[in-house]
Amino acid sequence: MIDEKILADHNLTRDEYEYIVKLIGREPNLTELGIFSVMWSEHCGYKSSKVYLKRFPTKGKYLIQGPGENAGVLDLGDGLAVVFKIESHNHPSYIEPYQGAATGVGGILRDIFTMGARPVAVLDSLRFGPLDNPKNRAIMEGVVSGISGYGNSFGVPTVGGEVYFHECYSQNPLVNVCCVGLAEKDRLFFARAQGVGNAVIYVGAKTGRDGIHGATMASAEFGKDTEQKRPNVQVGDPFKEKLLLEACLEAMAKNLIVGIQDMGAAGLTCSTTEMAAKAGTGMEINLDLVPQREEGMSPYEIMLSESQERMLIVAEPDKVQELQKIFSKWDLDAVVIGKVTDDGQLKAYFHGELVIDIPVKAVVDLCPAYRRPAKTPAFIKKISRFKMPEMPSDLNQVFLQMVASPNLADKEWVYRQYDHMVQVNTMVLPGADSAVLRLKGLKKGLAMTLDGNSRYAYLNPRRGGQIAVAEACRNLACAGAMPMGVTNCLNFGNPEKPEIMWQFKEAVEGIAEACHQFDIPVTGGNVSFYNETEGKAIYPTPVLGIVGLVEDVSAVPSAGFLGNKEVIILLGENKEELGGSEYLKLVFDEEKGQPPALHFETEKRVQECCRQAIRQKLVRTAHDVSDGGLAVALAECSFKSPKKIGFEVKLNDQIRTDALLFGESQSRIILVAKEKNARKIMALARKLKVKAKFIGKTGGKKMVIWHKKKKVVDQTVEMAYNAWKNAIPGYFKISKGE
Amino acid sequence: MKFGVVVFPGSNCDYDTFHALQNVMGQETVFLWHKDHDLQRVDGVVLPGGFSYGDYLRSGAIARFSPIMAEVKKFAEAGGLVLGICNGFQILLEAGLLPGAMLRNKNLKFLCQHVHIRVENQKTAFTNAARKGQVLRIPIAHFDGNYYADPELLAELEKNKQIVFRYCNEKGQVTEGANVNGSVSNIAGIINREGNVLGLMPHPERASEKILGSEDGRVIFQSMINYLEKKAGRGKKKATKVVKPKVTPLPPLIGTF
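Protein chains in written order, with my numbering: chain L, 518 to 1255; chain D, 1325 to 1581.
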């Protein structure tokens, strides 16, 4: 009955099939095969990545819950916990940008509130192909409005993230969504079907035929027939999700819930098997009782549907009525569809017939893990060699070109479509190094950031991984925050190709090493493989989401210059490093060389110095130097300045001027302070053995940089600001309106 | 004074508004559930922002049929103070408590940003704490905030001084550039003829604390308190209840009472 075509349609190999037969002691029926195929898909089963993910540190002083649950949990003190996770929704967002991105937001929100936390912030990392291609613009518009449509309506602020453009994302856009929630530490909920005889309750939206095999789709490359996969993308209803949130949190507060799991990828299949497997129990359900939106759905369709806004709850039988009352108050279905059993089997009945009878452990825990072959790609050697190009004569003009590069330009076009202020906690608006939320009634706050640089990871995946961690921590340091924990989204090509597997292994090892160095645990995340279309893979793109603790929110500095005649200090050292820079790509169309070097000890000291200076309330403005280099970082401080204050900076470093202006050497932070405090910062830097120097002062309406007594940048803030501000909107001009 | 914040399914600025009124302004504040018929003897009602009923069909179009809205209507007709913020403004329009209609923003995108609005009429129950022509910096966050009134209605609004707020630039000049959503005559907020029902698109609750970047929104809440206290003082003496609430990072459960 199960032939090669069926196996191919389910993305299962013959060996995997034989293993299933061995595990269940007979041939599976089609529904059972479907269950194994989604749970053993790369997306759910992590079969190519598992062996490497073990290298991440999973211990830390703030850690409450590491990998293995719906989201990671950190201890914030004062009886509070932070619950956070990142997820990719790359494949669906390419096929149907609006719904793909919207349901990406919906899915990650459920991962957070299923643990008892109220989502308080969303951050997105988005990557698209270049904007001069109308298709890429259409994808970007769709993705941004999808995130906006879902998050705004649900009422969670989208407070930050990143947007990058590169050719490699033209047919493989990346949409990574990170959600941060807040919970009471002693009232967390887990996905466990405990208590034999307890009721299994289906809550939320009805089940339809949407999203069947979404997880399997996300576990294969795309070919020319991608358009036909549109029915695999789910459709989101943020209004229903908002009701589901309030109803779940209310039921949790009233202690009516034993275990709970959202129905995300692989829907009812995943929630039933995982909850039972984690509790060491079994489950018996009646599929006829599952609320359905469409008529004539088969067991296969009911089990594999990825309809959104649904949850599975396990509750004690005598609490069911009260639970149903709460859900009916919020106009939601809550139907008992089965019970917890003790035999370790998932049994499902349909029209009175037993249609599924499989051991949950086999489905959840025995997915094969592969140590796939890894091989250094041939191109690595070629691209690491690189001759420094001749320096352009007019760097002042290059400076303007740089700030208007879509990768460096203002992203307000994106974030003003997101409600970034709802819940009235956002004290640092999008566009800064990290977003900062105050916590009502407390002195402390929460900082968060997303970071990744795929060009570095392409040139040297290990260092790319390290720098992503270091830079995210540096972003937090610029808000005075201490990093607490990490979630990551690892976006790669097809892992069955040894070259891709090598990139993955290297990047993971780099991230793991950096996390050890910064002493922060990885609490979970997501691996997205098969980001390839017609055989072309994306650049390896690890994205790091890190949350940090701000001890005193009143000390958080501004991202822009606040006043005239303030002293600009540079922590760290300018080096002649242009490899992998935005400058090389933009001006010379070269992506070569080695990404900048990273020394952990130096990096940690620079961050500590920044943090201490901020905590002592010495700092008015703080900004890290990253993409685009020192000149761009300084310019950003003017652009973010409420009064658009300029600066004059004098540098004497014995390096090429273009490397000085646009090189992306690591471990550098710009701090701005009043004269008296600037001296205190210098003393602090000496104490912590951090290189620091006065490089100039704020003031005026111009941005001026001198190098060895030569004026190399001289622009009015206004002109550069307009170039920076209008770069991205320029691609989206519509004839009417704006 | 006692305020009531209405909770519709899909309201998402309900707790923000509650927080501003209770924790920032120090007023007794309660939530009013959309299925209820009881206004709990509040002195003022606020319809908060959000996406009531998902804003499916049309912003605010379904919320006006909620049981609580019948009571809000009666309350308004009896002279009670009603403030509609963003989605609340849209609901007041749909319910016929304020005239005119909302269109999509002129750029056809959701807009979340700080804007400046000028107080056009400071002699109302919602603006008496403002200076004449005061410019307030308050954020907006909406898709459908492009206010429309036909020329006749517009003339009438002008004549009766019902236009209370206009989008302007930092200096208080009412310009085309400051009119981000394309509203007719830069209108950001209007009041009914009787002067007890006001709707505005900007969110004063998001601009009520220094840490959030602006405190200008307090002017509107303070005006309402002034008005209500004066009114109470004229009638029977009603002591203002000073509430010292415990402020917590997590909101209380909404709609459980």
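Note that CB positions come from ideal geometry on N, CA and C, so glycine has one too.
>> So, for residue 1413 (chain D): in the same chain, excluding its five sequence neighbours on each side, which residues have a beta-carbon less than 7 angstroms away from its beta-carbon?
In response: Same-chain partners within the cutoff: 1523, 1524 and 1525.
Return the chain-ordered list of same chain residues with a C-beta closer than 7 angstroms to the C-beta of residue 977 (chain L), the five sequence neighbours on each side being excluded. Around residue 977 (chain L): 1111 and 1112.
Please identify, using Cβ separations under 8 angstroms, the residues of the segment 952 to 974 of chain L that lie next to chain D, in order along the chain.
Correct list: 955, 956, 957, 958 and 959.
**Prompt:** By the 10 Å Cβ neighbour count, where 16 or more other Cβ atoms means buried, how is residue 868 (chain L) classified, buried or exposed?
**Reply:** By the neighbour-count rule (16 or more Cβ atoms within 10 Å), residue 868 (chain L) is not buried but exposed.
Short CB-CB distance (under 8 angstroms) between residue 1587 (chain D) and chain L: Because chain D in this structure spans residues 1325 to 1581, residue 1587 (chain D) falls outside the shown range and cannot be described.
Can the beta-carbon of residue 1038 (chain L) be found closer than 8 angstroms to that of residue 1002 (chain L)?
Taking 8 angstroms as the cut-off, the beta carbon of residue 1038 (chain L) is found closer than this to the beta carbon of residue 1002 (chain L).
Query raised in the report: Any idea what DSSP makes of residue 1254 (chain L), helix, strand or coil?
Result: Because residue 1254 (chain L) carries a pLDDT of 43, less than 50, the predicted location of this residue cannot be relied on, and the following value inherits that uncertainty. DSSP places residue 1254 (chain L) outside both helix and strand once states are collapsed to three, so it counts as coil.
Q.
So, with DSSP's three-state summary, where would you put residue 1271 (chain D)?
A. For chain D, the structure presents residues 1325 to 1581; residue 1271 (chain D) sits outside this window and is missing.
Report the option in L:577, L:901 and L:1242 whose CA atom is closest to the CA atom of residue 1295 (chain L). For residue 1295 (chain L) there is no data in the structure shown, the boundaries of chain L being 518 and 1255.
- Between the C-alpha atoms of residue 712 (chain L) and residue 587 (chain L), what's the straight-line distance to the nearest angstrom? Distance from the CA atom of residue 712 (chain L) to the CA atom of residue 587 (chain L), rounded to whole angstroms, is 20 angstroms.
Let's see if you can read the secondary structure: which residues bound the beta strand (DSSP E) around residue 1069 (chain L)?
Element bounds for residue 1069 (chain L): n/a, residue is neither H nor E.
Practice item. Give the residues of chain D in contact with residue 699 (chain L), contact being defined as C-beta atoms less than 9 angstroms apart. Key: Near residue 699 (chain L) (Cβ distances below 9 angstroms), the residues of chain D are 1573 and 1574.
State the start and end residues of the unbroken alpha helix (DSSP H) segment that holds residue 645 (chain L). From DSSP, residue 645 (chain L) is part of no alpha helix (DSSP H) but of the beta strand (DSSP E) over 635 to 645.
Closer than 8 angstroms by beta-carbon distance: list the chain L residues that pair up with residue 1343 (chain D), in chain order. Ordered by position in chain L, the residues that pass the 8 angstroms Cβ test against residue 1343 (chain D) are 941 and 957.
Report task. Would you identify the three-state DSSP class for residue 1498 (chain D), choosing helix, strand or coil? Result -> In this structure, residue 1498 (chain D) counts as coil in the three-state DSSP scheme.
Report task. Name the one or two DSSP bridge partners that residue 1241 (chain L) has. Result -> When beta bridges are read from the DSSP output, residue 1241 (chain L) appears opposite no residue.
Note down the Cα distance separating residue 1470 (chain D) from residue 1384 (chain D), rounded to an integer number of angstroms. For residue 1470 (chain D) and residue 1384 (chain D), the distance between alpha carbons rounds to 14 angstroms.
To test your reading of the DSSP string, which unbroken alpha helix (DSSP H) runs of 4 or more residues are found completely within the segment 576 to 622 of chain L?
Listed in chain order, they are 607 to 612.
Exercise. Give me the Cα-Cα distance between residue 1549 (chain D) and residue 1329 (chain D), rounded to the nearest whole angstrom.
Key: Spanning the two alpha carbons is a distance of roughly 15 angstroms.
Query raised in the report: For residue 1142 (chain L) and chain D, any beta-carbon pair shorter than 8 angstroms?
Result: The C-beta of residue 1142 (chain L) comes no closer than 8 angstroms to any C-beta of chain D.
Buried or exposed: residue 1094 (chain L), going by 16 or more other Cβ atoms within 10 Å of its Cβ? Here residue 1094 (chain L) is buried: its Cβ has 16 or more other Cβ atoms, across all protein chains shown, within 10 Å.
Report the neighbours of residue 1536 (chain D) on chain L: residues whose CB is nearer than 9 angstroms to its CB, in chain order.
-> Within chain L, the residues placing a beta-carbon under 9 angstroms from that of residue 1536 (chain D) are 938, 941, 942, 943, 944 and 955, ordered along the chain.
Spatial distance of residue 573 (chain L) from residue 532 (chain L) (CA atoms): Spanning the two alpha carbons is a distance of roughly 30 angstroms.
**Message:** Quick check: what's the CA-CA separation for residue 691 (chain L) versus residue 642 (chain L)?
**Reply:** The alpha-carbon of residue 691 (chain L) is positioned some 8 angstroms away from that of residue 642 (chain L).
| query | With 16 as the cutoff for other CB atoms within 10 Å, does residue 1254 (chain L) come out buried or exposed? | reply | Low local confidence applies: a pLDDT of 43 at residue 1254 (chain L) is under 50, so the model's placement there is unreliable, with the coordinate-based value given in what follows. The residue in question, residue 1254 (chain L), is exposed, as its Cβ has fewer than 16 Cβ neighbours within 10 Å.
What is the DSSP secondary structure of residue 991 (chain L), reduced to helix, strand or coil? For residue 991 (chain L), the three-state secondary structure derived from DSSP is helix.
In whole angstroms, what is the alpha-carbon distance linking residue 784 (chain L) and residue 1054 (chain L)?
If you take the alpha carbons of residue 784 (chain L) and residue 1054 (chain L), they lie about 28 angstroms apart.
Exercise. Closest Cβ-Cβ distance between residue 562 (chain L) and chain D: below 8 angstroms?
Worked result: Residue 562 (chain L) does not count as touching chain D.
- In chain order, what residues of the same chain lie with their CB nearer than 7 angstroms to the CB of residue 1233 (chain L), ignoring the 5 residues before and after it? Cβ neighbours of residue 1233 (chain L) beyond the five flanking positions: 1218 and 1219.
* Curious, which full-length beta strand (DSSP E) runs of at least 3 residues does the segment 1386 to 1417 of chain D contain? -> Within the segment 1386 to 1417 of chain D, the complete beta strand (DSSP E) runs of at least 3 residues are 1405 to 1409.
- Query: Using the C-alpha atoms, what's the distance from residue 1576 (chain D) back to residue 1204 (chain L)?
  - Reply: So the two alpha carbons sit approximately 46 angstroms from each other.
>> Does residue 834 (chain L) pass the burial test, meaning 16 or more other C-beta atoms within 10 Å, or should it be called exposed?
In response: By the beta-carbon neighbour count (other beta carbons within 10 angstroms, threshold 16), residue 834 (chain L) is exposed.
Contacts of residue 1368 (chain D) in chain L (Cβ-Cβ under 7 angstroms):
Neighbours of residue 1368 (chain D) across chain L, judged by C-beta separation under 7 angstroms, do not exist; the nearest C-beta is about 20 angstroms away.
Residue 1408 (chain D) beta carbon less than 8 angstroms from that of residue 756 (chain L) | Going by C-beta atoms, residue 756 (chain L) is not nearer than 8 angstroms to residue 1408 (chain D).
Review point. Does DSSP put residue 1573 (chain D) in a helix, a strand or coil?
Key: Residue state, collapsed to three classes: coil.
* Asked: In the structure shown, what three-state DSSP assignment does residue 1357 (chain D) receive?
  -> Three-state DSSP puts residue 1357 (chain D) in a strand.
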